[in-house]
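Trainee: So for the sequence shown, full-length UniProt numbering puts the first residue at 1; every next one is plus one.
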Amino acid sequence: MSNRINVSSQSEWEGPVGYSRAVRVGQFVWVAGTTAASPDGSAVGGADIGAQAREALKRIVAALAEVGAGPENVVRTRMFVTDISRWEEVGRAHGEVFAEIRPAATMVEVKALISPDLLVEIEVDAIV
Numbered sequence: 001m002s003n004r005i006n007v008s009s010q011s012e013w014e015g016p017v018g019y020s021r022a023v024r025v026g027q028f029v030w031v032a033g034t035t036a037a038s039p040d041g042s043a044v045g046g047a048d049i050g051a052q053a054r055e056a057l058k059r060i061v062a063a064l065a066e067v068g069a070g071p072e073n074v075v076r077t078r079m080f081v082t083d084i085s086r087w088e089e090v091g092r093a094h095g096e097v098f099a100e101i102r103p104a105a106t107m108v109e110v111k112a113l114i115s116p117d118l119l120v121e122i123e124v125d126a127i128v
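(1) From ARG54 to ALA65, what does the alpha carbon distance come to, in whole angstroms?
(2) Are the CB atoms of ALA32 and ARG21 within a distance shorter than 7 Å?
(3) Can you tell me whether ALA99 is buried or exposed, with buried defined as 16 or more other CB within 10 angstroms of its CB?
(4) Can you tell me the Cβ-Cβ gap for ILE49 and VAL90, rounded? I've got them flagged as a contact below 8 Å.
(5) Which of the three DSSP states is assigned to GLU123 in this structure?
(6) What residue does the beta strand (DSSP E) around TRP13 start on, and which one ends it?
(7) Could you tell me which uninterrupted beta strand (DSSP E) segments, each at least 3 residues in length, are contained entirely in the stretch 13–54, listed from first to last along the chain?
(8) Going by DSSP, what residue range makes up the alpha helix (DSSP H) through ALA93?
(9) How about ILE122 and ALA47: do their beta carbons lie closer than 7 Å?
(10) Consult DSSP for ALA56 and reduce its assignment to one of helix, strand or coil.
(11) Using the beta-carbon count (16 or more within 10 Å), is GLN52 buried or exposed?
(12) Looking only at its chain, what residues have a beta carbon closer than 6 Å to the beta carbon of ALA62, apart from the 5 residues adjacent to it on each side?
(13) If you follow the beta strand (DSSP E) that ALA112 is part of, which residue opens it and which one closes it?
Put into structure tokens, the structure is as follows:
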């Protein structure tokens, strides 16, 4: 595809696993599951799930910008949390970015993420 743009996550795992932080093809953008993982494997925000969600969303907004999109272009979000009882903390962070945009959103509890320190992972789809 000649109009495909890949955004790198700068992760050491990107090559071996075969993924990109985001991909834009034409007017469509997909941002991969994004966490608050730091290079050393710890989580930005520590045990604060809301802080982790804000960090993930900050990274998502940056990836969108790399392909000429912004939060206003997001039509769908998916949030994966390791403790659904803390949904409001993640929901509030989501609302800080998307309160006026109001994309279709899903939040589900998962058994675990790639590291036990990570409490939330978020992915989005956008149309520019």
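Quick reminder that beta carbons are idealized off the backbone N, C-alpha and C, glycines included. Fair warning: this is a prediction, and the values are worked out from it, not measured in the lab.
Mentor: Quick answer:
(1) The count along the sequence shown starts at 1 and reaches residue 54 at position 54. The count along the sequence shown starts at 1 and reaches residue 65 at position 65. Using only the alpha carbons, I get a separation of about 16 Å.
(2) To locate residue 21, count along the sequence shown from 1; it is residue 21. To locate residue 32, count along the sequence shown from 1; it is residue 32. Result yes, Cβ atoms of ARG21 and ALA32 sit closer than 7 Å.
(3) In the sequence shown, counting from the first residue as 1, residue 99 sits at position 99. ALA99 is exposed by the Cβ-count criterion.
(4) In the sequence shown, residue 49 corresponds to position 49, counting from 1. In the sequence shown, residue 90 corresponds to position 90, counting from 1. Confirmed, about 6 Å.
(5) Working through the sequence shown from its first residue, we reach residue 123 at position 123. GLU123: strand per DSSP, three-state reduction.
(6) Here residue 13 corresponds to residue number 13 of the sequence shown, with the count starting at 1. Neither: TRP13 is in no beta strand (DSSP E) and is coded neither H nor E.
(7) 22–25, 28–34
(8) Taking the first residue of the sequence shown as 1, we reach residue 93 at position 93. It spans 87–98 - the alpha helix (DSSP H) in which ALA93 sits, taken as one unbroken run.
(9) Taking the first residue of the sequence shown as 1, we reach residue 122 at position 122. Taking the first residue of the sequence shown as 1, we reach residue 47 at position 47. Cβ atoms of ILE122 and ALA47: not closer than 7 Å.
(10) Within the sequence shown, residue 56 is the residue found at index 56, counting from 1. ALA56 falls in the helix class under three-state DSSP.
(11) Your numbering for residue 52 matches position 52 in the sequence shown. Counting C-beta atoms within 10 angstroms of its own C-beta, GLN52 has 16 or more neighbours from the protein chains shown and is therefore classed as buried.
(12) For the purposes of this step, residue 62 is identified with residue 62 of the sequence shown, where counting begins at 1. Contacts found: none.
(13) For the purposes of this step, residue 112 is taken as residue 112 along the sequence shown, with counting starting at 1. Per DSSP, ALA112 belongs to no beta strand (DSSP E) and is neither H nor E.
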